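In the working numbering, the protein residues as written are 57 to 154.
See the structure below:
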């Protein structure tokens, strides 16, 4: 039972982190959560990368609790990198093409 709860909590954290970096969050959390859930379903590799980053942050925090103030920075960097990896605009245009 505890493993299932851990998996559900990790999935919820991944969706929440993806919603937090979404520009739609300015219009409200519901549209941002809907888009984050859609992106999480269509990009399982990105979810695995974010979950790995969260796991590493937890391991670093466990090893050296003084890192607690610094860990949100690398975590935000990892989530932003995953979102940018997906292409951003999703319009299929080549970079530099006009």
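Just so you know, even glycine gets a beta-carbon here, dropped at the ideal spot from N, CA and C.
In this text the structure is predicted, and so the values were computed from the model without any measurement.
Just to confirm the assignment, what range does the alpha helix (DSSP H) spanning residue i have?
i	result
residue 100	100–119
residue 10	One cannot answer for residue 10 here, as it falls past the ends of the chain, which runs 57 to 154.
residue 74	58–76
Answer with buried or exposed for residue i, where buried requires no fewer than 16 other C-beta atoms within 10 angstroms of its C-beta.
i	result
residue 73	buried
residue 60	exposed
residue 109	buried
residue 71	buried
residue 75	buried
Give me the Cα-Cα distance between residue i and residue j, rounded to the nearest whole angstrom.
i	j	result
residue 89	residue 113	23 Å
residue 92	residue 78	8 Å
residue 136	residue 121	24 Å
residue 153	residue 142	Here residue 153 scores only 48 on pLDDT, less than 50, and its place in the model should not be relied on; the value that follows carries that caveat. Rounded to whole angstroms, residue 153 to residue 142 spans 18 Å at the Cα level.
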